[in-house]
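Numbering (the working numbering), first residue to last: -5 to 517.
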């Protein structure tokens, strides 16, 4: 069968790889701004949001890609909006104050952001049924494998969940949670942080958990949040997945999530217009440097950008810079970067992802068992399943829909997976996606009218053992003179809450340096 039509797109590899050439012209114009934000993913957008919330608007936001949002970008066609990356936000913990304040600002959290159990906009809470699993030829409710699972393995489920509940409640002598979100607010006691030395798989085995189905689920969780198999994921990060989130709502269950047809793109759609007059896209950072003393003996900084549409280089001089782009780019653009920061920035390992959006004439047949849900996972698949972009609609009759299929390329070394992501034609990806989904939906090929593939070469930093609480990671949190790092890479885990925390924290550091008051810190 011929492949359905579609596009192959993603983060611009050609533009990004031009940094290796190091053959850029000199700047033709200089612009001055008090604060420059480099990178308009969630970290950069939240830095802009925090400054604007404090009444400070004198910043410029610069992005390499044509659209802002980073891993929360989205697409749209005649049927629906759909995500190109992150697709939901769990109910925020009370520690994730920046996220709660943001959601209140956007009208989704209703009432006091500090409340233990606030109300949330009903239209943003994921409608039922929320998730199902295809296993042994049938669909079951929920993602924990139950069909065909022996009682002994289910007993291990119970024991595992009890351990995770204990971790969720655990605190140190200063009242800090063992596993908080943002992670920086977690306890620093060695008994918890030593879990960063081993893999999550090893922790399971060391604690008597050998159930194949339990290992499948934990491996799925690590691939889903970190793009990394549980045999490579830090045990601290693996436990954090289950133990950190304790957000509650007055009008929803604690495991509810906030979502929209475009995934987390709804947040980008509401924030980006606020800063459109100060946003520059299609601009690649090619040089970053600290400058001489400027005004009140403050060290200024400068950044050169290649503006692709104008085919020229512009230099921005700023008193403070918020670097909200991936950290691995830094050594390529900042020759003066101290050696310890160079090593820390280069120390990150990144997971590549593929996201496919399938436009269908009508939803696929539900199949035997649980009905079509928002999140639909296939047991034994190399991918992570699909979500239904039109799930949040209230429709009286089924019609065209979009399925968003996620595949973390975690079965091979990241560099090899990136090369395959770069070199594989869309038609081959389309064939593989349809074959995988065809195991549960034999009719999928005949229903699909379009199949678009989006590539994330460096989608997220991988929380490998020994990386989360290393001295190098702590050094990144300190920034570099007048340059403040605002990417989730600083946390070592690519979570929305981490990006928000780092963006807000960097913005507050920059404003403090400028003498701008901002009230109670959120980061």
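Just so it is clear, CB atoms sit at the ideal spot from N, CA and C, and this is done for glycine as well. These figures come from a predicted structure and were not determined experimentally.
Over what stretch of residues does the alpha helix (DSSP H) that includes residue i continue unbroken?
{"i": "residue 97", "result": "91 to 99"}
{"i": "residue 261", "result": "259 to 265"}
{"i": "residue 175", "result": "That residue, residue 175, is in no alpha helix (DSSP H); it is neither H nor E in DSSP."}
{"i": "residue 231", "result": "229 to 237"}
Where residue i and residue j are concerned, what is the direct C-alpha to C-alpha distance, given to the nearest angstrom?
{"i": "residue 504", "j": "residue 49", "result": "14 Å"}
{"i": "residue 510", "j": "residue 175", "result": "27 Å"}
{"i": "residue 125", "j": "residue 86", "result": "20 Å"}
{"i": "residue 39", "j": "residue 475", "result": "22 Å"}
{"i": "residue 162", "j": "residue 463", "result": "19 Å"}
{"i": "residue 439", "j": "residue 403", "result": "23 Å"}
{"i": "residue 466", "j": "residue 330", "result": "18 Å"}
{"i": "residue 151", "j": "residue 144", "result": "11 Å"}
{"i": "residue 322", "j": "residue 334", "result": "13 Å"}
{"i": "residue 447", "j": "residue 385", "result": "21 Å"}
{"i": "residue 337", "j": "residue 468", "result": "13 Å"}
{"i": "residue 61", "j": "residue 275", "result": "7 Å"}
{"i": "residue 53", "j": "residue 45", "result": "8 Å"}
{"i": "residue 353", "j": "residue 304", "result": "36 Å"}
{"i": "residue 16", "j": "residue 117", "result": "Unreliable positioning characterises residue 16 in this predicted model, as indicated by a pLDDT of 49, which lies under 50. A coordinate reading is not provided."}
{"i": "residue 490", "j": "residue 217", "result": "16 Å"}
{"i": "residue 289", "j": "residue 29", "result": "Any answer about residue 289 is weak, because its pLDDT of 49 lies below 50 and its placement is not dependable; what the coordinates show is given next. Near 14 Å, if we compare the C-alpha coordinates of residue 29 and residue 289."}
{"i": "residue 311", "j": "residue 377", "result": "45 Å"}
{"i": "residue 232", "j": "residue 224", "result": "7 Å"}
{"i": "residue 101", "j": "residue 115", "result": "8 Å"}
{"i": "residue 57", "j": "residue 140", "result": "45 Å"}
{"i": "residue 135", "j": "residue 381", "result": "15 Å"}
{"i": "residue 363", "j": "residue 55", "result": "49 Å"}
{"i": "residue 180", "j": "residue 507", "result": "26 Å"}
{"i": "residue 147", "j": "residue 443", "result": "41 Å"}
{"i": "residue 340", "j": "residue 326", "result": "10 Å"}
Going by Cα to Cα distance, which pick from the options is closest to residue i?
{"i": "residue 73", "options": "122, 387, 105", "result": "387"}
{"i": "residue 76", "options": "59, 209, 254, 205", "result": "254"}
{"i": "residue 417", "options": "3, -2, -4", "result": "3"}
{"i": "residue 190", "options": "499, 488, 459", "result": "459"}
{"i": "residue 160", "options": "308, 147, 234", "result": "234"}
{"i": "residue 393", "options": "441, 413, 415, 409", "result": "441"}
{"i": "residue 485", "options": "164, 196, 230", "result": "230"}
{"i": "residue 153", "options": "512, 380, 202", "result": "202"}
{"i": "residue 265", "options": "517, 480, 66", "result": "66"}
{"i": "residue 481", "options": "347, 270, 496, 491", "result": "496"}
{"i": "residue 520", "options": "109, 141, 313", "result": "This structure does not reach residue 520, given that the chain is present from -5 up to 517, and the question cannot be answered."}
{"i": "residue 282", "options": "358, 294, 257, 193", "result": "294"}
{"i": "residue 371", "options": "452, 244, 106, 137", "result": "137"}
{"i": "residue 239", "options": "457, 164, 0, 260", "result": "164"}
{"i": "residue 516", "options": "410, 90, 82", "result": "90"}
Tell me residue i's beta-bridge partners as DSSP assigns them.
{"i": "residue 363", "result": "133"}
{"i": "residue 381", "result": "369, 398"}
{"i": "residue 252", "result": "83, 119"}
{"i": "residue 273", "result": "55"}
{"i": "residue 171", "result": "165"}
{"i": "residue 449", "result": "4, 348"}
{"i": "residue 23", "result": "308"}
{"i": "residue 278", "result": "300"}
{"i": "residue 444", "result": "353"}
{"i": "residue 284", "result": "295"}
{"i": "residue 243", "result": "246"}
{"i": "residue 103", "result": "114"}
What residue does the beta strand (DSSP E) around residue i start on, and which one ends it?
{"i": "residue 353", "result": "344 to 354"}
{"i": "residue 2", "result": "2 to 4"}
Point to revise | Length-filtered (3 minimum) beta strand (DSSP E) runs lying within the stretch 26 to 86 | key: 53 to 56, 68 to 70, 75 to 77
Check your understanding: In chain order, which continuous runs of the alpha helix (DSSP H) of length 4 or greater are located wholly inside the stretch 454 to 496?
Key -> 465 to 470
Review point. Can you list, in chain order, the stretches of the beta strand (DSSP E) that have 3 or more residues and sit fully within the stretch 392 to 431?
Key: 395 to 402
Check your understanding: Which ranges would you report for the alpha helix (DSSP H) in the stretch 186 to 211 if only whole runs of at least 4 residues count?
Key -> Within the stretch 186 to 211, the complete alpha helix (DSSP H) segments of 4 residues or longer fall at 194 to 200, listed in chain order.
Exercise for review: For the stretch 292 to 341, list the alpha helix (DSSP H) runs that are entirely contained and at least 4 residues long, ordered along the chain.
Suggested key: 324 to 327, 333 to 340
**Study point:** Whole alpha helix (DSSP H) elements within the stretch 110 to 163, 4-residue minimum
**Key:** 145 to 163
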